[in-house]
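Have a look at the structure below, then the notes.
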Amino acid sequence: GLDMSRKQFFVEYLKTQQENWSNTFLSAVSGRISVGYVISIGRQILVAEISIDTLPELSTFLSKESGQIIMILDRKGRLLAHPDASLNGQQLNLSSLSLVKEGLTRGYASQAFHFSGEEYFGSLVTAENVGWMVIVYQSLASYQSTLMTSGLILLTALLAGMFIALIVARVIGGIFSQRFQAYTRLA
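Just so we're aligned, residue 712 is where the sequence shown starts under my numbering, counting upward by one.
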């Protein structure tokens with residue numbers, strides 16, 4: 712087997728005795744980008760090496776299904792998966808993006824950001840156990856269009872509700888007015 716006893720995630724496990732995930736690394740066994748996982752099983756310690764080369768396929772599938780762009784970053788902000796195949800496998804460091812900076816600090820974020828020469832709006836959440844970040848985003852223009860459409864629908868509904876309320880108030884007011892006029896004539 713491969714000696715992983717000097718890997719940081721294993722050393723950390725020995726200190727804490729808690730299951731632990733590694734950062735991504737190039738596997739000496741498979742030659743692919745992988746992560747390590749260590750956990751106790753009884754008195755034994757299991758160290759697993761898991762290839763993550765299918766993550767870009769998942770990102771592509773989910774992006775097509777949702778109509779938004781979905782990318783996955785490791786806990787240091789390096790790109791693991793993106794629907795654009797030209798960006799995969801490079802481990803681009805995206806920790807300087809404003810969205811990722813806030814996500815690294817708070818564990819979540821939603822804001823506009825600049826990436827690959829374009830403006831986007833996205834949301835980031837961190838998967839607790841692994842520490843990976845998932846970003847779901849769309850172009851800023853598309854996001855603003857969605858907000859504008861939602862705002863117009865809400866405004867239209869509000870105006871329609873007010874108009875109906877005015878009509879109802881006028882009808883009810885007319886009925887009461889006729890009754891008061893009848894009482895006034897009788898008095």
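Beta carbons are placed, not taken as given, at the ideal position from N, Cα and C, and that holds for glycine.
Per DSSP, the continuous beta strand (DSSP E) segment holding Q822 begins and ends at Y819 to F826. When the Cα atoms are used, A880 and S807 turn out to be separated by approximately 57 Å. Within the same chain, and ignoring the five residues on either side of A820 in sequence, the residues whose Cβ sits closer than 6 Å to its Cβ are L810, E813, G814 and L835.
Within the model, the alpha-carbon separation for I783 versus R743 is close to 17 Å.
Beta bridge pairing from DSSP links R789 with N804.
An exposed status is given to Q729, since fewer than 16 other beta-carbon atoms sit within 10 Å of its beta-carbon. Annotation for L737: R743, I744 and S745 place their beta carbon closer than 8 Å to its own, counting only its chain and skipping 5 residues before and after. Nearest Cα to A823 within the set A796, N804, A852 and A838: A852.
Taking 8 Å as the upper bound for CB-CB distance, N840 and W732 are in contact here, some 7 Å apart. In the structure shown, the three-state DSSP call for G885 is helix. For G747 against V740, the beta-carbon gap comes to about 11 Å, at or over 8 Å, which does not count as contact. Taking each of D795, Q755 and I756 in turn and checking the Cα distance to L773, the smallest one comes out for D795. For T771, the enclosing alpha helix (DSSP H) begins and ends at L766 to S777.
Rounded to whole angstroms, the gap between the alpha carbons of G753 and T727 is 16 Å. Distance from the CA atom of N799 to the CA atom of D764, rounded to whole angstroms, is 9 Å. About 52 Å separates the CB atoms of I781 and V882; that is not less than 8 Å, and the two are not in contact.
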